[in-house]
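A short write-up of the structure that comes next.
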Amino acid sequence: MSVFFLIIVLGVLAIAGFVLGRGRALASVQGNTRRLHSLPGYYAWHGAIMAFLPAMAVLTLWLIAQPLIIERQLADYFPAEQFENDSQRILLMADVRRVAEGLDVAVAAGALTPQDAETITVADGSVRERLGAVGVALGAEVTPEVLDAAQSYRALASTGALGRAIVTLIVALAGLAYALRITNGDFRARNRVEAVILGVLILASTIAILTTIGIVMSMLSETIRFSSMYPFKDFLFGLTWQPSFQGGSELGLIPLLWGTLYISLVAMIVAVPTGLFTAIYLAEYASPRVRSIIKPLIEVIAGIPTVVFGLFALVTVGPFLRDWFAVPTGLGSSGSSVMTAGLVIGVLNIPFISSLADDIINAVPQSLRDGSYGLGATKSETVRQVILPAALPGIVGAILLAASRAIGETMIVTMGAGAAAKLDLNPFEAMTTITVKIVSQLTGDTEFNSPETLVAFALGMTLFVITLGLNIFALWVVRKYREQYE
Amino acid sequence: MYDAPNLETRVTQTNTKITARGVQVYYGDKQALQDVDVDILDNTVTAFIGPSGCGKSTFLRCLNRMNDTISNARVEGEILLDGENIYDKRVDPVQLRAKVGMVFQKPNPFPKSIYDNVAYGPKIHGLTRSKAELDEIVESSLRKAALWKEVKDRLGEAGTGLSGGQQQRLCIARAVATAPEVLLMDEPCSALDPIATAQVEELIDELRASFSVVIVTHSMQQAARVSQKTAFFHLGNLVEYGDTSHIFTNPSDPRTESYITGRIG
Ligand SMILES: Nc1ncnc2c1ncn2[C@@H]1O[C@H](COP(=O)(O)OP(=O)(O)OP(=O)(O)O)[C@@H](O)[C@H]1O
Ligand SMILES: [Mg+2]
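Those protein sequences? They're chains A and B, same order as listed. If you're matching positions, the first sequence starts at 1 in my numbering and goes up one per residue. If you're matching positions, the second sequence starts at 1001 in my numbering and goes up one per residue.
Shown next, in the form of structure tokens:
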């Protein structure tokens, strides 16, 4: 039974649980709903949940565990030293799975009988050709071990699928039976449903956390591999970035970090005052009519893909800055520059800051404004002395979020700042950032196991640490402020 | 017989501070106040009473143009402060509000220290020339609001960290520190316990020496205790206005009598 079909069956059982749970609860009190502990709907949901959730959990666990168990079983087909090496085992298992799937396809297409698929050996002629005939392309000729393993894989998988279906259905039916047995007028279905809802909410919140942990773990392990091939101290403090795929690369972080921070700084100098002033105008001065026109217009910017901004930087802003500022002042002759990328990222971040700050300013209670106006303060005095201090924690948070975005921006810097890793103070010079280099080190036809490629993970880790640091700093600022005034 | 000479002396001492003639207030299309005529005297406590929603706060906000901050509110008619129309184009509402201070129904201290809350008005209006002078204003305002003893050791702490009643007295101190000529108080005691209420009432009585005080209240006893003049509002109309003693003992309008005796409200 396929997983999809199994889930449909579970759905049907859930509906049955819904109907039966409700019916049974009503029957137990002879239809007098006032004698029920909970509303009838709760008994219905309880029936549905008990039929569906435990079975679904078992199914999920089974789906995770089965491939791991099968892999263990197949270890006998291969020499131990091949199987112990992580990357070789992964390749082998991919081959096995591919051949097994090929056999499945061949059986389905009628090119092989199910019997043949189980017994075919390399002696019977080229397996690669026969599978190729039904559209399954294999990279190399199939070795006898892989073919044997694939056949064993198919057998195990089909046994597994049968067991999976049986166990899942048993659990579902048991859950349903349990729900019906326990349902009577006194059963507190409402509380049980509440507990399930709580569980679902907690699960949802852990997914994001687990993903973050997963990302950090994978980055960390690759970073550690990188540090075993390239001295980590040279990475952290190196002043030159010169990767060369023939070896002897210099992979110093500092020029990239400098470019990243410099561009972000320019971006924030543009975005923070503009965004904040926009927000203050919208929240405190603009009439409702003006606000209803301007706010959506500003937010349109947020919807423009960053690639388009990159084009704008490349085609318009860059040449403009070069011809009107850099060349006349003798500061440079390049269209791609820190200024170009910084300005454009800054503009991109204006609506981000302004709409967050606008919400935060609007959340400041009207009574504080009244209090200030009632003492004879003007609008701008009220904004400066009462509203901004009250909104400060939120605004700092918004600014730091925008800073993380600027630091992580990739497309605009690729097109607007150039690709030259340089340590320079001149903002009209082309520079590059961590994100650009992550992309350029990972794309391209290079061996995965070289420091030149793995440095991308170390760079990613660096970015992660920077943004994490920013966020912790933001929390600290907010907390310090709160302690003072609440 | 004994009251008459007293009344006489008081009236001779006081002159009219605010004159309102034919005041109409609209929120959008809805009229909230009709044809209000009132003379508010200097050095007098005037109480506004009336059932909820009758327009007391609305009228109070007209007196310092706080209605300007409500986008759909519109005020017609004439309100004179010392003979000058406050709705005249030449009058700056910001300047006006420094002269006509306001304490709100809900305490609304700023998220600043206690000291900075009280110093806010004097700083904005440049009332002091030195830190010592400012310290003095802060202290005397807090004393007037009967809060000094409780906060003198914690002036640097947040004003929002005080209890509700202390916050309200802080707001009163804040308004007093700006040295207004008229003080408008919208139900200033609704968040206070009886002890703090008594302190605020005592304060109001003291303030009368230097300002004209207008207070909105739902407590008949309070109106009777603190005010010399009382105005009764009902459904957007000013029904009756006169000496407090007169209104509470011998109202001329049957609606006033019903309200005071608790039959409408
Ligand atoms: N901002 C506003 N927008 C629209 N209508 C308002 C606004 N403020 C007050 N009103 C209306 O104006 C009328 C008078 O309100 P006001 O606040 O002056 O009453 P009040 O006498 O102070 O009542 P309470 O004793 O409950 O404070 C009410 O009908 C109220 O609904
Ligand atoms: Mg009111």
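No residue lacks a Cβ here, since even glycine has one placed at the ideal position from N, Cα and C. Computed from a prediction, not measured in an experiment: that's the story for all the values here.
- Item | Buried/exposed call for B:N1250, threshold 16 Cβ in 10 Å | Note on B:N1250: under 16 other CB atoms within 10 angstroms of its CB, so exposed under the neighbour-count rule.
If we call anything under 8 Å between Cβ atoms a contact, is B:N1043 one with B:M1102? No. Outside cutoff.
* Asked: Going by the CB atoms, is the gap between A:G275 and A:I360 shorter than 8 Å?
  -> No, the pair does not count as a contact, with Cβ atoms beyond the cut-off.
### Query
By a C-beta neighbour count over all protein chains shown, 10 Å radius and 16 as the cutoff for buried, is A:Y43 buried or exposed?
Buried is the call here.
If we define contact as Cβ-Cβ less than 8 Å, is A:E381 a contact residue for chain B? The beta carbon of A:E381 falls within 8 Å of a beta carbon belonging to chain B, placing the residue at that interface.
Relative to the C-alpha of B:A1145, which candidate in B:E1181, B:E1202, B:P1107, B:L1127 has its C-alpha closest? Answer by Cα proximity: B:E1202.
Ends of the beta strand (DSSP E) at B:A1031? Sequence inspection shows Gln at residue 1031 of chain B; the Ala mentioned does not correspond to that position. Secondary structure note for B:Q1031: its beta strand (DSSP E) is the uninterrupted segment 1030 to 1041.
| said: Give me the residue from B:G1156, B:K1123, B:A1132, B:L1060 with the minimum Cα distance to B:I1114. | reply: Nearest option by C-alpha distance: B:G1156.
_Candidates B:T1058, B:D1068, B:V1075, of which the one nearest B:Q1024 by Cα_ = Per the Cα distances, B:V1075.
State the CB to CB distance for the pair A:G335 and A:G318, rounded to an integer number of angstroms; the pair is presumed to be in contact (CB under 8 Å).
-> Sure, about 3 Å apart at Cβ, within 8 Å.
*asked:* With distance defined between alpha-carbon atoms, name the residue in B:L1096, B:G1050, B:I1070 nearest to B:D1082.
replied: Considering only alpha carbons, the answer is B:L1096.
- Which value, in whole angstroms, describes the spacing of the CA atoms of A:T453 and A:G247? Going by the C-alpha atoms only, they are around 12 Å apart.
Can you give the beta carbon distance from A:G238 to A:G259, rounded, assuming they're within the 8 Å contact cut?
Wrong, their Cβ atoms sit about 14 Å apart, outside the cutoff.
**Study point:** Residues whose Cβ lies closer than 5 Å to any heavy atom of ligand 1, in chain order
**Key:** Qualifying residues come out as B:Y1027, B:A1032, B:S1052, B:G1053, B:C1054, B:G1055, B:K1056, B:S1057, B:T1058, B:I1070.
Original post:
Measuring CA to CA, which of A:F325, A:R322, A:F309 is closest to A:V344?
Top reply: Taking only the C-alpha atoms, the option nearest A:V344 is A:F309.
Is it true that the CB of A:F428 sits closer than 8 Å to the CB of A:S354?
With respect to the 8 Å criterion, A:S354 and A:F428 are not classified as neighbours on the basis of their beta carbons.
Can you tell me where the beta strand (DSSP E) with B:D1186 in it begins and where it stops? 1182 to 1186 is the span of the beta strand (DSSP E), which, as asked, contains B:D1186.
How many angstroms separate the CA atom of A:F226 from the CA atom of A:F245?
-> The straight-line gap from Cα to Cα measures roughly 15 Å.
What residues are listed by DSSP as bridge partners for A:L251? By DSSP's assignment, A:L251 forms a beta bridge with A:W241.
message: I want to check one thing, is the minimum distance from the CB of B:D1186 to the heavy atoms of ligand 2 below 7 Å?
response: Short note on B:D1186: C-beta closer than 7 Å to some heavy atom of ligand 2.
| request: Check whether the Cβ of B:Q1105 sits closer than 7 Å to any heavy atom of ligand 2, and report yes or no. | output: Yes, since a heavy atom of ligand 2 falls inside the 7 Å radius drawn around the Cβ of B:Q1105.
Between A:L257 and chain B, is the shortest Cβ-Cβ distance under 8 Å, so that the two count as touching? Nearest CB-CB separation between A:L257 and chain B: not below the 8 Å threshold.
Check your understanding: In terms of residue numbering, what span does the alpha helix (DSSP H) encompassing A:L210 cover?
Key -> Annotation for A:L210: the continuous alpha helix (DSSP H) segment containing it runs 189 to 229.
**OP:** Counting only the same chain and skipping the five closest in sequence on each side, list residues whose C-beta sits under 8 Å from that of B:E1206.
**Re:** Excluding positions up to five away in sequence, the list reads K1144.
query: Does any CB atom of chain B fall closer than 8 Å to the CB of A:F473?
result: It does not: the Cβ of A:F473 has no partner Cβ on chain B nearer than 8 Å.
| request: With a threshold of 7 Å, establish whether the CB of A:V290 neighbours any heavy atom of ligand 2. | output: Because no heavy atom of ligand 2 lies under 7 Å away, the Cβ of A:V290 does not count as near it: no.
Let me see if you follow: with CB-CB separation under 8 Å, is A:D358 close to chain B or not? False, the Cβ-Cβ gap to chain B never drops below 8 Å.
Just to check, is the beta-carbon of B:A1216 closer than 7 Å to a non-hydrogen atom of ligand 2? Going by the sequence as given, residue 1216 of chain B is Val instead of Ala. B:V1216 Cβ: within cutoff of ligand 2.
- request: Check distances from the C-beta atoms of the region 1165 to 1192 of chain B to those of chain A and list, in chain order, the residues that come in under 9 Å.
  value: Flagged, chain order: C1171, R1174, A1175, A1177, T1178, P1180, L1184.
Query raised in the report: Relative to the alpha-carbon of B:V1350, which residue among B:L1142, B:T1019, B:N1085 has its alpha-carbon at the smallest distance?
Result: Here chain B comprises residues numbered 1001 to 1265, so residue 1350 of chain B is not present and cannot be evaluated.
Query raised in the report: Short check: CB of B:A1132 to CB of B:G1165, under 8 Å?
Result: No, Cβ-Cβ distance for B:A1132 and B:G1165 is not below 8 Å.
Notebook entry, point to check: What are the residues of the region 294 to 323 of chain A that lie near chain B, defined by any Cβ-Cβ distance shorter than 9 Å?
Noted result: Listed in sequence order: no entries.
Does the beta-carbon of A:E81 have 16 or more other beta-carbons within 10 angstroms, so that it is buried, or is it exposed? By the neighbour-count definition (other C-beta atoms within 10 Å, threshold 16), A:E81 is an exposed residue.
Next item on the list: Give the C-beta separation of A:G397 and A:A179 to the nearest angstrom, bearing in mind that I take them to be a contact with Cβ-Cβ under 8 Å.
Entry: Their Cβ separation, rounded to whole angstroms, is 45 Å, which puts A:G397 and A:A179 out of contact at 8 Å.
Next item on the list: Could you work out which residue in A:M411, A:L368, A:I466 is closest to B:T1069 when comparing CA atoms only?
Entry: Answer by Cα proximity: A:L368.
query = Is DSSP giving B:D1324 helix, strand or coil here?
reply = Here chain B has residues from 1001 to 1265 only, and residue 1324 of chain B is not among them.
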